[in-house]
Every structure is written in structure tokens, then in C-alpha cells.
Amino acid sequence: MIFDNIDLSKLPPSREEAFIIFEKQARIFYEQHSSEDRSIHYDQDGDYNGSYEPERAYVICILAFLDEYELEIDVPDITGLNNNEFLDKFIHFKSKIDYTSQRFSLRKNRMVTGTVGTIISISFAYKSEIGDLLRTIRKIVNQEVHNINKRDKIFSKIASLQSEIDREQTTIDALFGRMIDLSKIVGECAENLEPALKKIERIKKIFWDKPKKVTMLPSNDRTKLLSQQEEKSDLDDEIPF
């Protein structure tokens, strides 16, 4: 099993960063075992008589991760297809996962470099308070929203917001974007969600008042590179003759 070869305890709290690492390790396993599978299941005529078990195991793992971490990535479950259909759909499945992993990697890089927006951090105390508020909102929604589709959409937005809060650093753009998404979907529900909206307003106030801007400055002990002429000048200064 692929899961047996991945140390889940070392996955970062951020869902997107965890996906990047998880998918990379799952892919290494599947690619290694895919070669072994082909060498075993090709007959003398060049016909494959296996069942693409490594590829199917990869799909199962990716789908399990997406469901457990509640990532909104639209990929189908293709594990029940026969060999010919499966291989064709697997290529598309893998391409979509490739794209998603690259997007998450690019987004992480843009956050680190500051190009995606103003980087901020939230203290542990306020993360804990926001987490409690989100859990309360989830309970209210679970009690008051009887339409399963609406309820699942709200839960998905809550999970997306929680993902940003769990990060060591995030951006104003990402944080308020998730907040707007949650506010909108809750506001669209006809059920009695006024208590939930009050909790959302409290979270908005925390976001507005409490985050700290992260200054993206070089390290103080960073070595300064010198031109050859400057190096020669410094060396001459050190020689007393």
C-alpha cells in the first residue's frame, strides 16, 4: 500500500503544502511499482494482462487525501473502470493532479517572495479563538441547514478558511478571500443562520485587528559579495608592506 510508504506524521498543517509532499511521495511509489508491474504482466506477444494496480493505488490515495483534507479539486473516481477505459482516464487524472500540484507550489513560492500579496501571521492564541468560532459555526450549520448540498458547501468553505489560518504565514488576499467565500455562502442560505453570521463578524474583526505583517528582509548575517577589485583593495589594506 502507498500509505505504508508515506510518513503522514511529517506532513505540514497546510493542506496545500501537505498535498505537494504527499502527491510527490505517492507518485514515486507508483512509478517504481508501475515498471515492475509491466515487466511481470506483459506476455510474449506484448499484450498487458495485469490490472494497473500501481496506478489504481495512486488514484485511491490521491482521492482519499482530497476527501480527508477537503480540497476542492474536481477529479473523478476512475478506479472502477476496466483496463482500456482506466488507462485513458488515468492520463487525464494524472494531468489534473500535476497541474494542481504545480499551482500549489507556485502559490507557496509567491507567498514566500511576497509577490502574492502582503504576508501576515496570526498568533497561536488568535488561531485557537478562530478555530473555536469556526467549530461553533459548523455546529450551527449542522443543526440549522437541512439541505445536504448547502451544508456541504458551507463546510467546504469553513475548511478552506481553516487551512489558511493553520499556516505559519498567509496573505491578506488569501485570508480575506476565504472569509468572503464563507460569508457569501452562509448569507445565501435561507435557514436561521444569524448566530453563525455573528461568529463570522467576530472572525472578521480578529482578521482586521490582530494579524502582524511579516517583513520580508534579508538575514542580517548574509554575506556581502565583493567585486574582484574590492577584494584586491581589502587584501592590500591588510598587508602592512
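Just so you know, numbering that gives the first Met the number 0 puts 25 at position 26 of the sequence shown, and the rest follows in order with no gaps.
Positions of the beta carbon are idealized from the N, C-alpha and C atoms, including for glycine.
These figures come from a predicted structure and were not determined experimentally.
Please report the distance separating the alpha-carbon of residue i from that of residue j.
{"i": "H91", "j": "I157", "result": "29 Å"}
{"i": "K209", "j": "K107", "result": "23 Å"}
{"i": "Y125", "j": "L174", "result": "14 Å"}
{"i": "T117", "j": "L132", "result": "25 Å"}
{"i": "K203", "j": "F18", "result": "28 Å"}
{"i": "K9", "j": "E15", "result": "14 Å"}
{"i": "D44", "j": "D87", "result": "21 Å"}
{"i": "D42", "j": "C188", "result": "58 Å"}
{"i": "H32", "j": "H145", "result": "45 Å"}
{"i": "L70", "j": "S127", "result": "22 Å"}
{"i": "G49", "j": "S34", "result": "12 Å"}
{"i": "K93", "j": "V74", "result": "9 Å"}
{"i": "P11", "j": "D151", "result": "25 Å"}
{"i": "L7", "j": "I27", "result": "15 Å"}
{"i": "F123", "j": "G176", "result": "21 Å"}
Would you mind stating whether residue i and residue j have Cβ atoms separated by less than 8 Å?
{"i": "I72", "j": "L65", "result": "yes"}
{"i": "P194", "j": "I153", "result": "no"}
{"i": "Y57", "j": "A25", "result": "yes"}
{"i": "I199", "j": "L181", "result": "yes"}
{"i": "L196", "j": "E143", "result": "no"}
Who are the near neighbours of residue i in its chain, counting only those whose CB is closer than 7 Å to its CB and skipping five residues on each side?
{"i": "Q166", "result": "The sequence given here has Arg at residue 166, not Gln. The residues are S13."}
{"i": "L62", "result": "D76"}
{"i": "V185", "result": "I153, L192, A195, L196, I199"}
{"i": "T99", "result": "I72"}
{"i": "K149", "result": "C188"}
{"i": "F240", "result": "Here the model assigns F240 a pLDDT of 46, short of 50, so the residue's position is not dependable, and the following value carries that caveat. Result list for F240: empty, nothing under 7 Å."}
Determine the extent of the beta strand (DSSP E) in which residue i is found, giving its start and end residues.
{"i": "K120", "result": "The sequence shown places Ser at residue 120, rather than the Lys named in the question. 118-120 is the span of the beta strand (DSSP E), which, as asked, contains S120."}
Can you tell which of the options has its C-alpha closest to the C-alpha of residue i?
{"i": "D36", "options": "I20, R55, K23", "result": "R55"}
{"i": "I121", "options": "T169, P75, D3, K138", "result": "T169"}
{"i": "N83", "options": "S34, L62, E190, Y47", "result": "Y47"}
{"i": "P79", "options": "D6, R201, E52, I27", "result": "One point to set straight first is that residue 79 is Gly, not Pro, in the sequence displayed. When each option's Cα is compared against that of G79, the closest is E52."}
{"i": "E22", "options": "S34, S38, I39, N4", "result": "N4"}
{"i": "M178", "options": "F206, E190, D151", "result": "F206"}
{"i": "I136", "options": "I39, R109, L160", "result": "L160"}
{"i": "R201", "options": "I27, G130, S38", "result": "G130"}
{"i": "Y29", "options": "N141, F89, Q101, R134", "result": "F89"}
{"i": "I147", "options": "S38, D172, L7, E190", "result": "E190"}
{"i": "D172", "options": "F85, R109, D97", "result": "R109"}
Could you give the first and the last residue of the continuous alpha helix (DSSP H) run that contains residue i?
{"i": "S162", "result": "147-165"}
{"i": "K138", "result": "123-143"}
{"i": "E54", "result": "52-67"}
{"i": "K183", "result": "171-187"}
{"i": "P194", "result": "193-208"}
{"i": "I27", "result": "14-40"}
Once you ignore the five residues that flank residue i on each side, which residues in its own chain have a CB closer than 6 Å to its CB?
{"i": "L224", "result": "For L224, the predicted structure reports a pLDDT of 31, less than 50, and the residue's modelled location is therefore unreliable. A value from the coordinates is still provided. Once the five neighbours on either side are set aside, L224 has no close Cβ partner at all."}
{"i": "S162", "result": "R14"}
Take residue i and list the residues in its own chain whose beta-carbon comes closer than 8 Å to its own, dropping the five residues that flank it on each side.
{"i": "S218", "result": "Legend: pLDDT at S218 = 37, less than 50; position of this residue unreliable, value from coordinates given subsequently. Correct list: empty, nothing qualifies."}
{"i": "F103", "result": "E15, E16, F18, I19"}
{"i": "S155", "result": "E69, E71"}
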